[in-house]
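Residue numbering for the sequence shown follows the UniProt record's numbering, starting at 1 and increasing by one per position.
Ideal Cβ positions, reconstructed from N, Cα and C, are used throughout, including at glycine.
Since the model is a prediction, treat every value here as computed from it, not as a measurement.
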Amino acid sequence: MKVAIIGAGISGLALAYYLQKLGIRYDLFESSSEVGGMVKSRAQSGYQLELGPHALQMNGELQDLLQELKLDSQIIWPAQAARQRFILRNGKFHSIPTSPLKLLLNSFFSWHTKLQISQEVQKPRQEIPGETVGHFFLRRFGQEVVDYLVQPLVAGVYGGDPDTLLLEKTFPAMKELERAHGSVLKGLVKQHKGEPSQIFTLAPGLQALPNAIASKLVSLHLDHEVEMIHKNRGKFFLSIRHDQEGLSDEEYDLVVLALPAHAAAELLEYTAPGLSAALQNVNYAPLTVVHTAYRKQNVGFTLNGLGALHPGKENPVSTGSIWSSSVFPAVCPEGEVLFSSFVHSGPASAAQVPQKVHRELQQNYSISGSPLFQHCHVWPKALPQPDQFILDVHRLAEVLEEEHLFACANWVAGPAVRDCIAFAKSIAQKIYSRRPSFQ
């Protein structure tokens, strides 16, 4: 058996790594000269910048992988302050309640909303096909919870709108709580397991993870752009630009797409036109990441926490900011603070974004003076949206596995790096289980 993997983001890298461990031959193709996809780190002018994910959340697969790659000694855990998270409301920051009881005792929500929250246990369970995140939380908890808790959280994670994102693809655990217990609150109380998984970073930057995986791979081909996938008599062939190794003559038993949806769509136009058409409908949220540094003495606000989310009701410039230097102090020079802000706009408005972010930070944190440093990075298509259009994509991708065409990307696995790694491991095991049919 031989597998072609197209795309060396974190999903493609992890899949190749796990296939290699299982003894399955593969070729991993990446069109650029760098691996990692959106996991990108840059050291610049004394600042450690994360241009994609700003921290990772641990799980079993990720912990094992870090140990195998000898990266566990490079793990940096966050400062104690990172346990606190805030939401902006009426121009002031409020600590996010972390439990159902705190939701009721905290002054963040009105008495009317607190009453709705307390009565959630009495509301009947409902099965609503295609229910959105916004609709689910509206019927269980009320509009204020949607506006000032759910909407900023969804915007922060997906860059999306809770009224369009599907509950089953975004927060399936919430629906399962309603099904199993008849109440989200009852379910949360019964399954309470203490503190959630802690976030962390790596001393050289998070890009050290994809780089370390790449260093272990024996069949990684950078600067190899796959232009087309062909299938003939049950075997796959690839058309590859700059193919100096003659890999276009190789035949593959399986192909795995580890690409953004729009890029995968182009390759499948003739091989799998149905999935190609569905992938073209996948919506992506753009993202501009702005890093801004100030002298600590010029910031008139105590940055004691992970950061703050900005609800859409507040008409913000950014969906939120991470207080990066409070979470991981080594990311900027001593005596300075570093903010990482997220704006869901594309390249067209990128020139104006840094100044707008600076003004917003000045207002929110009582900052005097100009930034010591600013850096702006634009992702035109950053986050795939789990809305109604993703349903056909997932259904067709599952069907095409029977034709030895697999998907391993964040539009099937979910947005978090740990989810992508866990999904890649499951795909590797699925491919391994099919090995006897190719021998």
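A82 is positioned such that its CB atom lies closer than 7 Å to that of V327.
Of the other Cβ atoms in all chains shown, 16 or more fall within 10 Å of the Cβ of H221; this residue is therefore buried. Non-local beta-carbon contacts of K425 in its own chain, meaning distances under 6 Å to residues more than five positions away in sequence, involve Y18 and E61 in chain order.
Ranked by Cα distance from Q67, the options R395, A212 and A285 are led by A212.
In this structure, K186 and V121 form a Cβ contact; the two beta carbons are roughly 6 Å apart against a cut-off of 8 Å. For T201, the pairing in a beta bridge is given by DSSP as I76. Within the region 41 to 76, the complete beta strand (DSSP E) segments of 3 residues or longer fall at 41 to 44 and 47 to 50, listed in chain order. The Cβ atoms of V255 and A4 lie closer than 7 Å to each other. Contact between the region 356 to 370 and the region 331 to 348 is present, with at least three C-beta pairs closer than 8 Å. Counting the other CB atoms within 10 Å of its CB gives V399 a total below 16, which places it among the exposed residues. Counting only residues of its own chain and dropping the five nearest sequence neighbours on each side, V150 has a CB closer than 8 Å to the CB of V133, G134, F137 and P162. Secondary structure at F171: coil, using DSSP grouped into helix, strand and coil. Short of 7 Å from the beta carbon of E144, and not among the five residues preceding or following it, lie these beta carbons of its own chain, in chain order: F109, S110 and T113. Under the three-state reduction of DSSP output, W379 falls in the strand class. Looking at the DSSP output, H230 shares a beta bridge with F237. Ranked by Cα distance from Q374, the first of P311, G9 and S341 is S341.
Taken through DSSP and simplified to helix, strand or coil, Y294 comes out as strand. Exposed is the label assigned to Y270, since fewer than 16 other Cβ atoms lie within 10 Å of its Cβ. Rounded to the nearest angstrom, the Cβ distance from P260 to V35 is 15 Å, too far for a contact under 8 Å.
The residues I6, G7, A264, L267, L268, L405, F406, A407, C408 and A409, in chain order, have a CB closer than 8 Å to that of L257 in the same chain once the five nearest residues on each side in sequence are set aside. Per DSSP, S95 is not a residue of any alpha helix (DSSP H); the beta strand (DSSP E) it occupies stretches across K92 to S95. When the five nearest sequence neighbours on each side are left out, the beta carbons in the same chain lying within less than 8 Å of the beta carbon of Y158 are those of L165, T170, A285, L383, Q385, P386 and P415, in order along the chain. Nearest to N106 by C-alpha distance, out of I87, G182, N232 and D223, is I87. T302 is positioned such that its CB atom lies no closer than 7 Å to that of H310. If the five residues before and after S324 are omitted, its C-beta is found closer than 6 Å to the C-beta atoms of V331, L338 and S340, all from its own chain and listed in chain order. Going by C-alpha positions, L306 is about 16 Å away from A293. Restricting attention to E225, V393, S433 and H394, the CA atom closest to the CA of F29 is found in E225. Inclusion of A350 and V393 in the CB contact set at 7 Å is not warranted, their separation being larger than that value. Short of 6 Å from the beta carbon of G46, and not among the five residues preceding or following it, lie these beta carbons of its own chain, in chain order: P333.
Burial check for W411: the Cβ neighbour count within 10 Å reaches 16 or more, so the residue is buried. Taking 7 Å as the cut-off, the Cβ atoms of L13 and H291 do not count as close.
Assignment of beta strand (DSSP E) within the region 321 to 394, counting only whole runs of 3 or more residues, yields 336 to 343 and 373 to 384 in chain order. Our two residues, V353 and V343, have alpha carbons roughly 8 Å apart in a direct line. One alpha carbon belongs to L167, the other to L71, and they sit about 35 Å apart. If you ignore the 5 residues before and after K40, its C-beta comes within less than 7 Å of the C-beta of L51, G52 and Q207, all in its own chain and listed in chain order. DSSP places D419 outside any beta strand (DSSP E); the residue lies instead in the alpha helix (DSSP H), whose first and last residues are V417 to S433.
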